[in-house]
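A quick write-up on the structure given underneath.
Written out as structure tokens, the structure is:
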């Protein structure tokens, strides 16, 4: 207790980060408070790129679109399948519920910045009702199969392929200085017939700025990284990599969701029962995080579980040493230890996918 906090204070006095500064132009190693990659993307962009409050929206023609049927609803929107009556193309109409104007601007600016990126859902138009001023976002239509139906049908190679496709979208948005902050199966549309994947719902996405404290009330419970659950606000792109890991675990172990908490605090307990409490306390120590008192009673001491202990006859065909190694490098308490999206794409687990992709390219070049 006391000794421990004294030791911490001494460390702080002796080694404040500022003492090391940029000695003779040498960059100090990444601090606890910055992303390992793409940390200064937005800094290097003109202000108009990330200052979404100043976005200019050119409104399209509302009458060009008609609703066909309702396909979903979220906290912030109602979603419909629609038709563009000018060219008879199917589309998706996302009618935004009245939220802060700023949040709507942010989503639009981010979609514009990511436009044309690999596996990023395409924003086709933005329209609004002249009476209510309610804005709607018009997106490309994806012939999605619900993940609860699709995932059980996937083959080992399919899982590798789709996770790789999702990583392309994540590396792209991270390289553009943007964290998605809501990666989960519901936001990954898969048209299995055409082997097409799209990352959707950029409503919680945010621009990454080094040293900024972000809201921890993002992502859906089962996919929230430990940083959110312990109220560590200076998180970064690596949050998305945890969510991807949680999603991947549910796919290979056939356990949906993989971490099934009944509340945010229980969510951390569920994670600790797998990753163990020792590494959790090391993580809290490293970043000087104080755990909320509510955890005192519910967080016991748990050993780290072996990933192999989740293997059974039902899921063994998806689980290989490569799959487990990949998963283990994503599901780490310490966000700085997690693979980046680019590193993840280079992992051995995706070798068959990279080989197939190279063959496709070679074939295309031959013709």
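In the UniProt record's numbering, the protein residues as written are 1 to 367. Beta carbons are placed, not taken as given, at the ideal position from N, Cα and C, and that holds for glycine.
Pairwise C-beta distances place the segment 208-218 out of contact with the segment 146-166, as fewer than three of them are shorter than 8 Å. Pairing residue 344 with residue 281, the inter-Cα distance amounts to about 26 Å.
Using a Cβ distance threshold of 8 Å, residue 119 and residue 155 do not count as a contacting pair. Residues 52, 55, 57, 123, 126 and 137 of the same chain have their beta carbon placed closer than 8 Å to that of residue 108, with the five preceding and five following residues left out of the count. Ranked by Cα distance from residue 132, the first of 140, 117 and 98 is 98.
In this structure, the straight-line span from the alpha carbon of residue 293 to that of residue 232 is close to 15 Å. Straight-line spacing of the CA atoms in residue 333 and residue 39 works out to 20 Å.
Residue range 238-253 is occupied by the alpha helix (DSSP H) that includes residue 251. In the structure shown, residue 128 adopts extended strand secondary structure according to DSSP, grouped into three states. If you compare the alpha carbons of 192, 121 and 174 with that of residue 144, the shortest gap goes to 192.
Annotated three-state conformation of residue 302 is coil, per DSSP.
Pairing residue 288 with residue 205, the inter-Cα distance amounts to about 26 Å.
Secondary structure at residue 137: strand, using DSSP grouped into helix, strand and coil.
DSSP lists 196 as the beta-bridge partner residues of residue 191. Assigned with DSSP and collapsed to three states, residue 342 falls in helix. Residues 302, 303 and 304 of the same chain have their beta carbon placed closer than 6 Å to that of residue 276, with the five preceding and five following residues left out of the count.
Counting along the chain, the unbroken alpha helix (DSSP H) around residue 172 starts and ends at 156-175.
For residue 269, the enclosing alpha helix (DSSP H) has its first and last residue at 264-275. Distance check between residue 76 and each of 101, 161, 49 and 60 places 101 closest, using alpha-carbon atoms only. Around residue 297, the same chain offers no residue with a beta carbon nearer than 6 Å, after the five sequence neighbours per side are excluded. Around the Cβ of residue 61, a 10 Å sphere holds fewer than 16 other Cβ atoms; the residue is exposed. In this structure, residue 240 lies near residue 179, with their beta-carbon atoms less than 8 Å apart. The beta carbon of residue 34 sits closer than 6 Å to the beta carbons of 210 from its chain, once the five residues preceding and following it are set aside; these are given in chain order.
Between the segment 215-232 and the segment 242-249 there are three or more inter-stretch CB-CB distances shorter than 8 Å, so the stretches are counted as touching. Counting only runs that start and end inside the segment 48-87, the beta strand (DSSP E) elements of at least 3 residues fall at 65-73 and 77-84.
Nearest to residue 139 by C-alpha distance, out of 112, 328 and 261, is 112.
The continuous alpha helix (DSSP H) containing residue 353 extends over residues 351-366. Distance check between residue 196 and each of 121, 223 and 237 places 121 closest, using alpha-carbon atoms only.
Non-local C-beta neighbours of residue 260 in its own chain, meaning closer than 7 Å and more than five positions away in sequence, comprise 222 and 270, ordered along the chain. In the DSSP assignment, residue 90 falls within the beta strand (DSSP E) that extends over 89-96. Taking C-beta atoms under 8 Å as the contact rule, residue 253 and residue 315 qualify, at a distance of about 5 Å.
Residue range 101-113 is occupied by the alpha helix (DSSP H) that includes residue 107. Residue 94 places its beta carbon 8 Å or farther from that of residue 141.
In the DSSP assignment, residue 148 falls within the alpha helix (DSSP H) that extends over 147-150.
Counting only residues of its own chain and dropping the five nearest sequence neighbours on each side, residue 115 has a CB closer than 8 Å to the CB of 122 and 123. Burial check for residue 364: the Cβ neighbour count within 10 Å stays below 16, so the residue is exposed.
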